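Here the UniProt record's numbering is used: the first residue of the sequence shown is 1, the next is one more, and so on.
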Amino acid sequence: MDYDTIAITGMGVVSSIGTTLEVFTRSLKKNRSGLTSLNRFDPSPFHATRSFEISDFKLEGKNARALMRINKNAQYTIAAAREALHRADYPLEVNPYEVGLVLGSSFLDVALVTKYMTDVLKSRLKDYRPLQFPNTVPNATAAHTAIELKIRGPNISLISMQNGAFCAVEYAIRMLRTDQVKMVLVGGVDVFSRERFLYFQQLERIAGSKGSEIHIPFAQERNGFILGEGCGILALEKTEDARKRGALIMAEIRSLVSTYFPCPITEPLVADLPNTRLLYDRLLETANLEKGNIVVDFYADWCKPCNQLSSIIAQVSREFTHITFIKVNIDTFSNIRSHYNIKSIPTLIYFKNGSKIFRSTGLMSKNQLANKLKVLYS
Numbered sequence: 001m002d003y004d005t006i007a008i009t010g011m012g013v014v015s016s017i018g019t020t021l022e023v024f025t026r027s028l029k030k031n032r033s034g035l036t037s038l039n040r041f042d043p044s045p046f047h048a049t050r051s052f053e054i055s056d057f058k059l060e061g062k063n064a065r066a067l068m069r070i071n072k073n074a075q076y077t078i079a080a081a082r083e084a085l086h087r088a089d090y091p092l093e094v095n096p097y098e099v100g101l102v103l104g105s106s107f108l109d110v111a112l113v114t115k116y117m118t119d120v121l122k123s124r125l126k127d128y129r130p131l132q133f134p135n136t137v138p139n140a141t142a143a144h145t146a147i148e149l150k151i152r153g154p155n156i157s158l159i160s161m162q163n164g165a166f167c168a169v170e171y172a173i174r175m176l177r178t179d180q181v182k183m184v185l186v187g188g189v190d191v192f193s194r195e196r197f198l199y200f201q202q203l204e205r206i207a208g209s210k211g212s213e214i215h216i217p218f219a220q221e222r223n224g225f226i227l228g229e230g231c232g233i234l235a236l237e238k239t240e241d242a243r244k245r246g247a248l249i250m251a252e253i254r255s256l257v258s259t260y261f262p263c264p265i266t267e268p269l270v271a272d273l274p275n276t277r278l279l280y281d282r283l284l285e286t287a288n289l290e291k292g293n294i295v296v297d298f299y300a301d302w303c304k305p306c307n308q309l310s311s312i313i314a315q316v317s318r319e320f321t322h323i324t325f326i327k328v329n330i331d332t333f334s335n336i337r338s339h340y341n342i343k344s345i346p347t348l349i350y351f352k353n354g355s356k357i358f359r360s361t362g363l364m365s366k367n368q369l370a371n372k373l374k375v376l377y378s
């Protein structure tokens with residue numbers, strides 16, 4: 001089966017290190033941290049006293065004043081989606097029914113739901129505000145965003161504890177490949193609250209639950225998360241359609257797969273899963289690699305020559321746009337390493353129309369790699 005390549009033509013972000021893509025990128029380059037003391041509510045009942053809190057957000061636009069009354073999730077999503085759509089330079093007004101919105105989240109607005117249910121119970125159904133009920137619906141954030149941006153295509157919310165945004169992107173790609181829409185704004189959003197802090201603390205999953213409040217989520221001695229909030233949105237469309245309208249393509253997605261492997265939040269994930277090979281085969285299949293020119297880079301994070309070669313590949317890939325470069329971490333995918341008999345790294349395996357045509361091992365210069373690619377794929 002043929003699968004269309006998907007282009008990313010726009011991005012928008014609201015985070016603790018920047019509420020626009022420009023500021024966010026500048027903060028990343030400066031290694032700025034968004035970690036601050038918890039200010040939104042009294043942290044004294046909790047072990048955690050710090051968070052990645054957004055403090056400088058202000059929604060802009062004609063309806064900004066009215067929109068400040070809706071929930072924070074919707075405010076963040078509107079801002080990020082508006083920026084993504086603007087950067088994509090997509091003519092939404094031509095046919096708003098061809099643009100969809102898919103939003104992923106872990107909790108959505110738990111605080112709003114809690115407050116609404118508390119008011120209902122306190123009033124004993126006699127004196128509460130029913131107009132607040134629509135904001136408790138899981139799709140309220142996506143609906144507010146679609147209304148504000150005048151998006152008339154499919155409008156969907158997906159809730160998943162740890163991979164809501166990933167599920168949303170996967171769903172959005174399916175929508176594009178089945179021609180339900182021409183463009184999809186897709187991403188994830190979450191706003192932290194007392195309720196989220198309480199949930200993670202009761203499960204002993206928040207940093208500080210088992211001692212000092214240390215923020216090293218990927219280290220063995222970690223003791224939980226430090227919570228944050230924000231929203232990230234991508235504008236996706238088929239690469240062919242993006243090129244036809246002359247859009248700037250920021251990146252391309254050839255395939256997207258996941259194991260959806262259930263695992264305790266703070267415990268190490270078993271790297272060599274039984275279905276890793278099957279997953280990788282599916283990735284290659286859905287990427288249509290049998291029709292293209294492929295270079296697979298086998299590497300490891302601890303390998304210095306691998307890191308050097310990775311930088312060289314990044315430079316060369318800008319010139320050889322007709323070649324797809326794939327990275328495989330041999331520590332994570334040990335069975336794939338065995339399948340291709342990788343004895344040393346860095347190793348590059350070159351494929352053409354589904355067949356292996358060459359293999360090279362060791363570090364090489366930018367010119368050496370470029371010349372090799374010219375010979376193999378001319």
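For every residue, glycine included, the Cβ atom is placed at its ideal position computed from N, Cα and C. These numbers were taken from a predicted model, which means no experiment stands behind them.
Per-residue DSSP class, three states only, for residue i
i	result
N63	coil
V14	strand
R245	coil
V316	helix
D119	helix
N329	strand
R359	strand
E98	helix
F166	helix
Y340	coil
T9	strand
I345	coil
A235	strand
N135	helix
D297	strand
E240	helix
K352	strand
E148	helix
L256	coil
L309	helix
S334	helix
T324	strand
L108	coil
L369	helix
L158	strand
L103	strand
Cutoff 8 Å; reference residue i; Cβ partners in own chain excluding five residues on either side
i	result
N63	E148
E80	It should be pointed out that residue 80 corresponds to Ala in this sequence rather than to Glu. For A80, where only same-chain residues beyond five positions count, the Cβ hits under 8 Å are G12, V13, V14, G187, V189, C231, G232, I233.
N95	K182
F133	Y116
I357	Y350, F351, L376
E319	A370
L21	M11, G12, V13, E83, R87
Other residues of its chain near residue i: CB distance less than 6 Å, five sequence neighbours each side excluded
i	result
A271	For A271, the predicted structure reports a pLDDT of 47, less than 50, and the residue's modelled location is therefore unreliable. A value from the coordinates is still provided. So the list reads T332, once near-sequence residues are dropped.
D4	R177, K238
H144	I70, A74
Own chain partners of residue i with C-beta closer than 7 Å, once the 5 adjacent residues on each side are dropped
i	result
L363	P305, Q308, L309, P346
M161	S106
E195	V110, A111, T114
residue 384	The chain is shown only over 1 to 378; residue 384 falls outside these bounds and no answer can be derived.
M1	Here the model assigns M1 a pLDDT of 48, short of 50, so the residue's position is not dependable, and the following value carries that caveat. Counting only Cβ-Cβ distances below 7 Å, and skipping sequence neighbours, we find nothing.
residue 384	Nothing about residue 384 can be reported from this structure: the residues present for the chain run from 1 to 378 only.
Short Cβ contact (8 Å threshold) for residue i with residue j
i	j	result
residue 380	A48	Given that the chain is displayed from residue 1 to residue 378, the structure contains no residue 380 and the question cannot be resolved.
S106	D190	yes
G230	V14	yes
S255	N163	no
T77	A247	no
T324	N293	yes
D301	I326	no
A146	V102	no
A74	A140	yes
S33	R50	no
I6	I330	no
residue 382	Y171	Residue 382 is absent from the structure shown; the chain starts at 1 and stops at 378.
F46	Q201	yes
Cβ separation of residue i and residue j, assumed to be a contact under 8 Å, to the nearest whole Å
i	j	result
N71	D42	With 8 Å as the limit, N71 and D42 do not qualify as a contact, their Cβ atoms being about 21 Å apart.
A207	I233	Between I233 and A207 the Cβ distance is about 27 Å, and since that is not below 8 Å, they are no contact.
R87	M183	Contact flag wrong, Cβ pair sits at about 12 Å.
G228	G104	With a Cβ gap of about 16 Å, G228 and G104 do not count as contacting.
residue 379	S338	For the chain, the structure presents residues 1 to 378; residue 379 sits outside this window and is missing.
L185	A251	Not a contact, Cβ separation roughly 16 Å.
L236	I173	7 Å
N31	E53	That pair is no contact at about 19 Å.
G100	P154	4 Å
Y350	L369	With a Cβ gap of about 11 Å, Y350 and L369 do not count as contacting.
F57	T118	About 26 Å separates the two Cβ atoms, so there is no contact after all.
### Task
Would you list, in sequence order, the uninterrupted alpha helix (DSSP H) runs of no fewer than 4 residues that lie entirely inside the segment 169 to 213?
Taking only runs of at least 4 residues, the alpha helix (DSSP H) segments lying wholly in the segment 169 to 213 are 194 to 202.
#### Entry: beta strand (DSSP E) runs wholly inside the segment 13 to 89, at least 3 long, in chain order
Fully enclosed beta strand (DSSP E) runs of 3 or longer: not present.
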